[in-house]
């Protein structure tokens, strides 16, 4: 995947900073609230997540197949061994040395991309939950390793880590609700089919953008579920290092407000896109703690 490029560590971090500033304007402001070391580390992770997402959602998505993702995983392993190939991977290799973190969340995210190649429907909420964990809960884990904890108490750290995952999942569920119309145009339905059946609403109704009482009940149910994940996420923020709490709170509140915007639009997600005014551009796919932080 690309030639070995003789770039310095500074240049590598600068590449990651530019990717973050370009694609996640709101979040980029949030990184300015962190110490310089943490900020740079988060840019390195964001850049990797962004590039991973692009494989199935970006310009080169047409040519991405199982082999592409297999090679991407091999490249990730090389980076973790301290042998990065791509320029921005030089920054990631440095970051995982400064902030030791397991490779598994990164591999899990690649598995989430494999799900996107394979499925455009999810039967049950358990299936969807696994997808949300892989593409967004994982970022909660990556971020928590950088943000750090105030305490060394393992049970407090465990609670905070669970909360980090919950925030990623909450954000991903929020984006799924916000993007129902766009996804439907691409023939994708992320809402669990068992929930559609329960509310007597069909796939055809969804693809045709039918908004009626059944739809309203279905959406109320989905929004309530997302709010429960935000509630769970709140429980762990206090265990984070002080300099991380404010941006994380900001991101949680900003993102949760998208749910209010959907309600204000009377659950019409087919013709209009819910957004929070003046919050800057929020990217389509959340990277949990990394996407929607605001100043």
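In the numbering used here, the protein residues as written are 56 to 350. A virtual CB, placed ideally from N, CA and C, is assigned to each residue, including glycine. Predicted model, so just to flag it, every value in this text is computed and none were measured.
Original post:
Hey, residue 288 and residue 196: beta-carbon distance below 7 Å or not?
Top reply: Annotated as distal: residue 288 and residue 196, with beta-carbon spacing of 7 Å or more.
Subject >> Contact belief for residue 171 with residue 111 at Cβ below 8 Å, rounded distance in angstroms >> reply: 5 Å
Original post:
Under the three-state reduction of DSSP, which class applies to residue 185: helix, strand or coil?
Top reply: helix
Subject >> Nearest candidate by alpha-carbon position, reference residue 177, set 237, 184 and 247 >> reply: 247
**OP:** Quick one: which unbroken alpha helix (DSSP H) runs of 4-plus residues sit fully inside the stretch 128-160? Chain order, please.
**Re:** 142-153
Original post:
From which residue to which residue does the alpha helix (DSSP H) around residue 287 run?
Top reply: 268-292
Original post:
Which class does residue 333 belong to by DSSP, given the choice of helix, strand or coil?
Top reply: Residue placement at residue 333 cannot be trusted, given a pLDDT of 48 that sits under 50; what the coordinates show is reported in the next sentence. Residue state, collapsed to three classes: coil.
Original post:
Who are the Cβ neighbours of residue 65 in its own chain at under 6 Å, not counting the five residues just before and after it?
Top reply: Answer for residue 65: no residue qualifies.
Original post:
What separation, rounded to the nearest whole angstrom, lies between the Cα atoms of residue 338 and residue 233?
Top reply: Since pLDDT at residue 338 reaches only 39, below the 50 mark, its modelled position is unreliable, and the value read off the structure follows with that caveat. Distance between the alpha carbons of residue 338 and residue 233 is about 11 Å.
Original post:
Taking buried to mean at least 16 other C-beta atoms within 10 Å of its own C-beta, is residue 347 buried or exposed?
Top reply: Its pLDDT being 34, under 50, residue 347 is placed unreliably in this model, and the value from its coordinates should be taken loosely. When all chains shown are included, residue 347 counts as buried.
Original post:
First and last residue of the alpha helix (DSSP H) that includes residue 298?
Top reply: 297-319
Original post:
In angstroms, rounded to a whole number, what distance separates the CA positions of residue 182 and residue 61?
Top reply: 43 Å
Original post:
residue 369 to residue 207, Cα distance in whole Å?
Top reply: The structure shown does not extend to residue 369, since the chain spans only 56 to 350, so no value can be given for it.
Original post:
Do residue 179 and residue 249 come within 7 Å of each other at the CB atom, strictly closer than that value?
Top reply: yes
Subject >> 6 Å Cβ shell around residue 336 - same chain, five flanking residues per side excluded >> reply: In this prediction, residue 336 has a pLDDT of 37, which is less than 50 and means its spatial position is unreliable; nothing more can be read from the coordinates.
**OP:** Note down, in chain order, each residue of its chain lying with its Cβ closer than 6 Å to the Cβ of residue 75, except the 5 sequence neighbours on either side.
**Re:** 83, 98 and 101
Original post:
Below 7 Å between beta carbons: does that hold for residue 295 and residue 202?
Top reply: yes
Original post:
Looking at the unbroken alpha helix (DSSP H) that takes in residue 230, where does it start and where does it end?
Top reply: Run containing residue 230: 209-233, per the alpha helix (DSSP H) assignment.
Subject >> Cβ separation of residue 67 and residue 143, assumed to be a contact under 8 Å, to the nearest whole Å >> reply: Sure, about 6 Å apart at Cβ, within 8 Å.
**OP:** Rounded to whole angstroms, what's the CA-CA distance from residue 344 to residue 265? Just pull it up for me.
**Re:** A caution first: residue 344 carries a pLDDT of 44, below 50, which makes its placement in the model unreliable, though a value can still be read off. Here the C-alpha atom of residue 344 lies approximately 33 Å from the C-alpha atom of residue 265.
Original post:
residue 204 bridges to which residues according to DSSP?
Top reply: 295
Original post:
How is residue 326 classed by DSSP in three states: helix, strand or coil?
Top reply: coil
**OP:** On a CA-only basis, which of 322, 293, 136 and 118 is nearest residue 215? Give me that one, please.
**Re:** 293
Original post:
From residue 236 to residue 156, what does the alpha carbon distance come to, in whole angstroms?
Top reply: 37 Å
Subject >> Exposed unless 16 or more other CB atoms sit within 10 angstroms - verdict on residue 198 >> reply: buried
**OP:** Can you tell me which of the three DSSP states residue 263 falls into?
**Re:** coil
Original post:
With residue 314 and residue 278 assumed to form a contact (beta carbons below 8 Å), what rounded beta-carbon distance in angstroms separates them?
Top reply: About 5 Å separates the beta carbons of residue 314 and residue 278, which is inside the 8 Å limit, making them a contact pair.
**OP:** Report all residues from its chain with a CB closer than 8 Å to the CB of residue 162; omit the five preceding and five following residues, and keep chain order.
**Re:** 128 and 131
Subject >> Residue interval of the alpha helix (DSSP H) (run including residue 70) >> reply: 64-78
Original post:
Where do the ends of the alpha helix (DSSP H) carrying residue 253 lie?
Top reply: 248-253
Subject >> Nearest residue (CA-CA) to residue 245, options 187, 193 and 218 >> reply: 187
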